[in-house]
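Shown next, in structure tokens, is the structure this report addresses.
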Amino acid sequence: MDPLRIKNFSCRHRLFVGTGKYQSYEIMQKSLDASGCEVVTVAVRRERLIDKQGKSLFEYLDLNKYTILPNTAGCFTADDAIRVALLGRDLLEKQSNKGAGWVKLEVLGDKKTLLPDPVGTIEATKELVKEGFTVLAYSSDDPRSAMRIKEAGAASVMPAGSPIGSGQGILNPLNISLCLELLKEGDASYPVIVDAGVGAASDVAVAMELGADGVLLNTAIAHAKDPVTMAIAMKHALEAGYHSYRAGRIPKKRYATASSPFEGMISYIPGE
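Next up, the structure:
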């Protein structure tokens with residue numbers, strides 16, 4: 030695969046994986062390694078950097094291997110998201126991790142759907158860009174909302190395949206396609222990453238076959254019966270979808286088309 034570039038950041042593998050919801054740090058560590066990812070997300074507000082056993086998340090993340098993408102999960106106002114983003118940058122600067130300059134922006138509308146607040150997202154995007162952040166903004170699959178967020182300065186828009194943690198996959202492929210078409214109009218290199226709702230490897234393949242530049246997921250691996258094996262599946266699904274999209278699928282047709290031509294077939298004549 031070609032490297033994925035998001036403003037001044039780049040990575041070779043296009044699967045971004047979260048660090049939350051695992052049964053243990055050890056399982057998280059093995060799953061991240063199996064996924065082949067280079068970028069891992071950390072919820073700055075929700076993540077207990079030191080757990081009840083006195084273990085630190087960063088003890089289980091090779092900060093020389095992974096680029097940390099801090100996110101503002103759990104924020105419901107622009108002001109709150111901005112504060113958390115600044116906290117995340119400060120934290121990663123102290124860890125000397127190159128992820129300090131970017132943020133996965135989430136400004137949520139409510140606790141039930143965890144869908145983004147488009148107004149708050151745009152407001153926070155503008156302010157964080159002024160603060161020098163490379164903003165990767167979580168969005169709904171509404172193409173117009175996605176465009177407004179890009180216009181606000183987001184370096185990448187990340188439309189949801191379905192609600193966070195729902196495992197429903199890509200509910201509206203048409204909307205994701207429209208987001209890709211509009212966001213890349215005039216700039217085919219603009220990165221669009223499908224974020225949220227993935228449940229199985231096939232969902233990742235679908236997202237990539239639609240033309241997405243990458244996929245971000247967490248729950249689908251962390252809550253799988255076998256997270257490490259699921260991480261392997263996600264890795265290969267992303268690679269398969271990436272190559273499938275670039276190979277160019279055949280058009281869908283109403284009727285069958287024979288693999289071999291009828292012309293020149295050997296005919297059977299009774300009595301001969």
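Residue numbering for the sequence shown follows the working numbering, beginning at 30 and increasing consecutively.
In this text, a Cβ means the ideal position worked out from N, Cα and C, and glycines have one as well.
Going by beta carbon distance, what residues of the same chain come within less than 7 Å of residue i, once the five residues before and after it are set aside?
i      : result
Asn201 : Asp170
Ala153 : Ala107, Ala110, Ile111, Leu134 and Val136
Lys50  : Asn247, Thr248, Ala251 and His252
In the DSSP assignment, the beta strand (DSSP E) including residue i goes from what residue to what residue?
i      : result
Met187 : Ser185 to Pro188
Ile35  : Leu33 to Ile35
Thr70  : Val68 to Ala72
Leu246 : Gly243 to Leu246
Leu165 : Thr163 to Ser168
Gly47  : Leu44 to Gly47
Thr96  : Thr96 to Asn100
Lys133 : Trp131 to Leu134
Using 8 Å as the threshold, is the C-beta distance between residue i and residue j below it?
i      : j      : result
Val233 : Met259 : no
Thr142 : Gly196 : no
Ala241 : Val227 : no
Glu135 : Ala175 : no
Arg43  : Leu209 : no
Tyr89  : Gln52  : no
Gly138 : Thr106 : no
Ile151 : Ile193 : no
Asn60  : Ile250 : The amino acid occupying residue 60 in the given sequence is Ser; Asn does not appear at that position. The answer is yes: Cβ separation under 8 Å.
Met237 : Tyr284 : no
Val244 : Val223 : yes
Ser206 : Met187 : no
Lys94  : Tyr54  : no
Leu211 : Tyr219 : no
Excluding sequence positions up to five away, which residues of its chain have a Cβ less than 6 Å from the Cβ of residue i?
i      : result
Val68  : Cys40, Phe45, Thr96 and Leu98
Leu246 : Val227
Gly47  : Thr70 and Asn247
Glu214 : none
Gly65  : His42 and Lys264
Ile56  : Pro256
Within the same chain, show all residues whose beta-carbon is closer than 8 Å to that of residue i, passing over the 5 residues directly before and after it, in chain order.
i      : result
Gly198 : Gly190, Ser191, Gly226, Val227, Gly228, Ala229, Ser231, Asp232 and Val235
Measure the beta-carbon distance from residue i to residue j and round it to whole angstroms, keeping in mind my assumption that it falls under 8 Å.
i      : j     : result
Gly130 : Val73 : No, Gly130 and Val73 are not in contact; Cβ-Cβ is about 14 Å, not under 8 Å.
Ala114 : Leu86 : Between Leu86 and Ala114 the Cβ distance is about 18 Å, and since that is not below 8 Å, they are no contact.
From what residue to what residue does the alpha helix (DSSP H) around residue i run?
i      : result
Asn204 : Pro202 to Leu212
Thr258 : Pro256 to Ala276
Lys59  : Tyr54 to Ser64
### Query
Below 8 Å, can you find three or more Cβ-Cβ pairs linking the segment 160-170 to the segment 179-186?
yes
### Task
Please determine if the segment 116-125 and the segment 144-153 are in contact, where contact requires at least 3 C-beta pairs separated by less than 8 Å.
no
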